[in-house]
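Quick notes on the structure that follows.
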Amino acid sequence: MAQPHVQVTGLCVAARGPGGSEALIVRDVSFAIPKGQVLALIGESGSGKTTIALSLLGYARPGCRFAAGTVRIGSTDVLSLDDEELYRLRGGQVSYIAQSAAAAFNPMKTIMDQVVEGTAIHGTLTRSASETRAVELFRALALPDPEGIGSRYPHQVSGGQLQRLMAAMALITEPELVVLDEPTTALDVTTQIEVLRAFRHVVRERGTTAVYVSHDLAVVAQMADRIVVLSEGEVRESGATADILERPRHDYTRSLLAAARPKPRTTDEPREDTPLLEVRDLGAGYGRVGADGLPEIRVLDAIDLTIPRGATLGVIGESGCGKTTLARVVAGLVPAARGEVRFDGEPLPTNLHQRTKEQFRRIQIVFQNADTVLNPAHTIRSILERPLAFYRGVTGEAAGRRVAELLDLVKLPGSLADRRPAELSGGQKQRVNLARALAAEPDLILCDEVTSALDTVVGAAILDLLAELRRSLGVSYLFISHDISTVRAVCDDILVLYAGRKVESGSRSALAAPPYHPYADLLIASVPELRTGWLEGLPPRVTIPIAETHAAQPAGLCPFLDRCPLRVPGLCDRLAPPRQRFPSGKEVLCHREGEDLARHQLNTAITT
Amino acid sequence: MIAERRHWATRAWALMKGLPLAGRIGFALVLFWALAALLGPSLAPHPVGAVVAMDVYGTFTAAHPLGTDYLGRDMLSRILHGARLTIGLALAAAVAASVTGTTIAILSATIGGWIDEGVGRLMDALISIPSKMLALVMVASFGASPTLLILTAAFSYTPGAFRIARSLAINVRTLDYVQAARARGEGTGYIAWVEIFPNMVNPMLADFGLRFVFVVLLLSGMSFLGLGVQPPDADLGSLVRENISGLFEGAPAVVMPALAIASLTVGVNLLIDALSGRSSQVEQ
Amino acid sequence: MAEASRAIRASAVRLVLNRVAYGAVTLLLVSAVIFLITSWLPGDAAQELLGQSATPEAVAALREKLGLDRSPLARYGAWLRGLATGDLGVSLAANTPVADLVATRLPKSLLLAAVTAVVSVPIALTIGIVSAMWRGRRLDRSLNVATLSMVAVPEFLIATIAVLVFAVKLRWLPALSNAVDIGSASQFFRTYAMPVLTLCFVIVAQMARMTRAAVIDQLNASYVEMAVLKGARPAHVALRHALPNAIGPIANAVALSLSYLLGGVVIVESIFNYPGIASLMVDAVTNRDIPVVQACAMIFCFAYLLLVLVADLVAILSNPRLRHR
């Protein structure tokens, strides 16, 4: 092999801790990238992957410094450059694509100003030449309106488009190396696929040398030639992508792979059919209430669902689809504008103040973000004792014993009881969060994205715990997630939400085979698979450009109309779609017949 | 009890040792003035009203370390007495303003809805009356007895405390642990005092310190204008006023009480800045 | 496209009108508060003003003059109408229309405020931005301690020290700033140097601190890190990326600091014997000349609301998210 283009040797990065003492957050990391190849740095939060990526630009975040090692790009020894040479390196020789484009674009400047800024700083091109090149890049990245998009401000374009615009910003100076730092993590899965496709296209076409930082093995499998697996600032394993995926050598890699392929945690054993929670024709939203009794901004519309006693219902949809609002309506935090909620046969008031203490006790909610869900001013003990005292009047020694039991139930050491939340890890906090819900001995637990803020391995352990608690305590769950593989792994029934409407629902097995609602089909087809070549193998039909028609539409039309590849002109844009029940038992909100849908569908039957 | 107290003293000492230089200076100044307010009048070498020197506007001498005033009274004694009055009035007003502002803010933020909106609107209006103006208007209408001065200063600075406390409470209110408490069925009082309040104590203590500084400056300013503490009582601001004609002779009697005020307020400011800088570092 | 830009302009205009309306409502509330406080006199105000020895006829005449025979609401209405038409009532002490008193004093105060603003704003913004750019370094830390101390110093200490140094010891400047017949630039300087110096002392510190905080807030944003990683130099990052985003908060900082002038000017005018509106108010408070107190308080509150409104408008117009929705 020729001299590699990028060579990192023995890199160590030190960070100052709160006490002023220094600790190494990256230890003795080495890797090399030949010209024109893509290398992935994979790891969970705290693995040092972003720190390493930034070292390729000679940049250490405030509080960090390079302690040892070399970073060589071509003939440049990056870590020995002075300030002036670093200005020339950054954005010229090496460029960077950040995780959140929404935050990385300056809100006060037009997109074009920012895309061509690099060429202005480095004086490589005239303004008009760089604008021409920018438009070419916009076109190559499949952005809508490539001529005009540059004159907009960042808040006027979507997140997926911004992410691609940032790629244009990085590529405009024709750098020798591009660093992509989790560039699709903040996107919805159906948007991510467009961005990945665009990235892959420009990177391959230009023969760009790139470093792709991610926590998601399936995404990396589509993008990278080689993978470096990191944890706690050290390299665990490195090799060709296919080798890492198929023949992992290190235990840590194996646990990552196992967590990325969730195993089913529920069985299809016969179950009771007494409904525990029933929701009928539920509507909810914010803003002024109109003449029809519905609020101005509708978040949920015409939602029906049933959770049998002891069962788990999964609710899936992208951000903003109303899934969190659904949990909050059931919990009483958001009042329903219309419809009915029944709990164990009794009507459940959706107004918080009309609920009885017993109703509160029997329904518990577990929020997504473990970092904000425990009051930092209280100890774990007082957090867990409160529901005991509040619902059952259990105090004193009995409460102390129960706290110990609860901690044991969620597999935490009893010694944690006298700590405060700030002293716990993310996974531990989420367990305490769960224990607090269990303290009420509820019948139904509303789980709102309980694993999405956690690393995959930690999240997998929480899912195991939820399944075990269900077996031993017989609780039911309303399980909300944006991740279809997680939902498939833990739920008996699944409901797909889109723009506040239920577009599809059915049992887990019914949701593993077509016909699907066109949105569910897109959603399922967009989840990257954990194998190389998946992205190239996708039929191009997935990437239907979003028709941007925001004209006023009659009420009740299909919410997916604008994006639907199977819409029937003259029908779908005139009439509200019927709710069809297919032989498999699933309900789909669509005009098209089942066989018709199945014929056009992207997905074939999925084996779980 | 004694063990407890020693524990506190060691903690205070450890706290001070961790501060940057400016913070230590602030700590020392605050400690000095706290002791002066507590013990000062009993340590004063002369009675507060006694004319003890023939020399008016006298300069620094061994007998009168801070000079003498326009009647020949001992400035050190007068400053020690004035400091107690200044600090006492300001402390009372600052406590009243912070407690009232915080209480209204937490309750209003927890209850929410139109009550919150109405209270917010009224406080917005009160904030747009500069506090010195509000104080002047109140003195014009009600007079300047010590009780009225405390009420005036408290009333002038309550809206400010409310605004800070409310923005803190609103931030805390949206956090998931408060939502979790609401979903558990907890009442307004529990949410306000057990869930929200403990998480705003530290910033509110810092704000209390700043408010104390504002009140000291306000009350001294009022006294300096002759609209605050009325003779024969004299706070530090009145001491500057009554000796102002000595300015042209360069008498210490003018500058010393003004310096006393500045050393108190600057000390509090330096201490608070160092303490809140420390706590934000720990949070990071 | 034309339609879209019209819609954009309409939304910006609506936002601006909203702010103006909000300011007007606040001003109305303020007037109610001030009226409530100033007319909430215990007992009979006329009797109190004239003393126990006054004849019943004189008391009755004064009551009528003060409008005390009417209901409080009617008096408030009449007072508001007067404010709106420029009729501010009659001074009890001077027995002349309040409007005349204000007309002679207000321009002087505005001039003092304007000179102070012209001097303080550039200095403060420079200190704030420089210390934000070098945050955490020695320069920033010393500036922090300096400004922190400056904001806590009472104006009369600065003023007395200034008089002591420049008027008593050095004899460069007169101790009083009566602001009568200013004929030359040097006279102007001699009159305004010390009052402006005193006012600037506190205001510069306050404004610099708020500016620093606003700029640092932006320097911590991820688009700033992005700009650094594009190879932008520190000055470029601070001035071209962070500063435009900090305009709204800085405008707010400037407005709040200048509004502090409204309070600080009370002490300064009185110490230097400067014939402005604040010293008029202090005299009125001393004499319990309520109509003058009311009028002056309303003028100060109006000035405050105007400053805040202007800052709000600057923030709206500088922000493309609010300009182009």
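Residue numbers (this note's numbering), protein chains in the order written: chain A, 14 to 621; chain B, 56 to 339; chain C, 2 to 326.
Just so it is clear, CB atoms sit at the ideal spot from N, CA and C, and this is done for glycine as well.
Residues in its own chain within less than 6 Å of Arg-221(B) by CB, not counting five upstream and five downstream? Ala-160 and Ala-164
Determine which residues of the segment 382–409 of chain A have a Cβ less than 7 Å from any Cβ of chain B, and write them out in chain order. Asn-382, Thr-385, Val-386, Leu-387, Asn-388, Pro-389, Ala-390, Pro-400 and Phe-403
DSSP three-state label for Gly-276(B), please. helix
Can you tell me the Cβ-Cβ gap for Arg-103(A) and Leu-70(A), rounded? I've got them flagged as a contact below 8 Å. 5 Å
Min CB distance Arg-191(C) to chain B below 8 Å: no
Consult DSSP for Thr-408(A) and reduce its assignment to one of helix, strand or coil. coil
Give me, in chain order, the residues of the same chain whose beta-carbon lies closer than 7 Å to that of Gly-277(C); leave out the 5 immediate sequence neighbours on both sides. Arg-106, Lys-109, Ser-110, Leu-113, Val-266 and Glu-270
Is the separation between the beta-carbon of Arg-278(A) and that of Leu-476(A) shorter than 8 Å? yes
Determine, for Pro-155(C), whether the minimum Cβ-Cβ distance to residues of chain B falls below 8 Å. yes
Is Tyr-490(A) helix, strand or coil by DSSP? strand
Beta-carbon separation of Phe-273(C) and Pro-196(C) under 8 Å? yes
Does Glu-561(A) pass the burial test, meaning 16 or more other C-beta atoms within 10 Å, or should it be called exposed? Bear in mind that the predicted position of Glu-561(A) carries a pLDDT of just 48, short of 50, making it too unreliable to give a figure here.
Residue burial classification, Glu-304(B) (beta-carbon count within 10 angstroms, cutoff 16): exposed
As assigned by DSSP and simplified to three states, the class of Glu-633(A): In this structure chain A extends from 14 to 621, so residue 633(A) is not present and cannot be described.
Using a beta-carbon distance cut-off of less than 7 Å, what residues from the segment 294–308 of chain C approach chain B? Val-294, Ala-298, Phe-301, Cys-302, Tyr-305 and Leu-306
What are the boundary residues of the alpha helix (DSSP H) that includes Glu-130(A)? 130–135
Apart from the five residues on each side of it in sequence, which residues of its chain come closer than 6 Å, Cβ to Cβ, to Leu-602(A)? Val-516, Pro-590 and Arg-592
Rounding to the nearest angstrom, what Cα-Cα distance links Ala-319(C) and Arg-210(C) in this structure? Residue identity differs from the one stated: residue 319(C) is Ser in this sequence, not Ala. In a straight line, the C-alpha of Ser-319(C) is about 22 Å away from that of Arg-210(C).
Using beta carbons (cut-off 8 Å, strictly below), is Arg-152(A) in contact with chain B? no
Cβ neighbours of Pro-307(B) in the same chain (closer than 7 Å, five flanking residues each side left out): Thr-114, Phe-115, Leu-121, Gly-122 and Met-130
Report all residues from its chain with a CB closer than 7 Å to the CB of Arg-66(B); omit the five preceding and five following residues, and keep chain order. none
Counting only Cβ-Cβ distances shorter than 7 Å, please list the residues of the segment 462–490 of chain A near chain B, keeping chain order. none
Give the DSSP-derived three-state secondary structure of Arg-152(A) in the structure shown. helix
In chain B, which residues lie with their C-beta within 8 Å of the C-beta of Ser-121(C)? Residues of chain B passing the Cβ test: none, with the nearest at roughly 17 Å.
Test: Leu-615(A) CB closer than 8 Å to a CB of chain C: no
Count the other CB atoms, across all protein chains shown, that sit within 10 Å of the CB of Thr-97(C); report buried if there are 16 or more and exposed otherwise. exposed
Rounded to a whole number of angstroms, what is the C-alpha to C-alpha distance between Ala-253(A) and Tyr-511(A)? 38 Å
Step through the CB atoms of chain C and report whether any lies within less than 8 Å of the CB of Glu-130(A). yes
Under 8 Å between the Cβ atoms of Val-416(A) and Asp-238(A)? no
Selection of the segment 245–269 of chain B by Cβ proximity to chain A, strictly under 7 Å: Glu-250, Pro-253 and Asn-254
When you compare only the Cα positions, how much space is there between Arg-432(A) and Val-445(A)? 11 Å
Between Thr-161(C) and chain B, is any beta-carbon pair separated by less than 8 Å? yes
Contact list for the segment 108–142 of chain A against chain C, Cβ threshold 7 Å: Tyr-109, Ala-111, Ser-113, Ala-116, Ala-117, Phe-118, Asn-119, Pro-120, Met-121, Glu-130, Gly-131, Ile-134 and His-135
Answer yes or no: do Ser-186(B) and Met-259(B) have a C-beta to C-beta separation smaller than 8 Å? no
Below 7 Å on C-beta distance, what does Tyr-100(A) contact in chain C? Gly-232 and Arg-234
According to DSSP, is Arg-78(A) helix, strand or coil? strand
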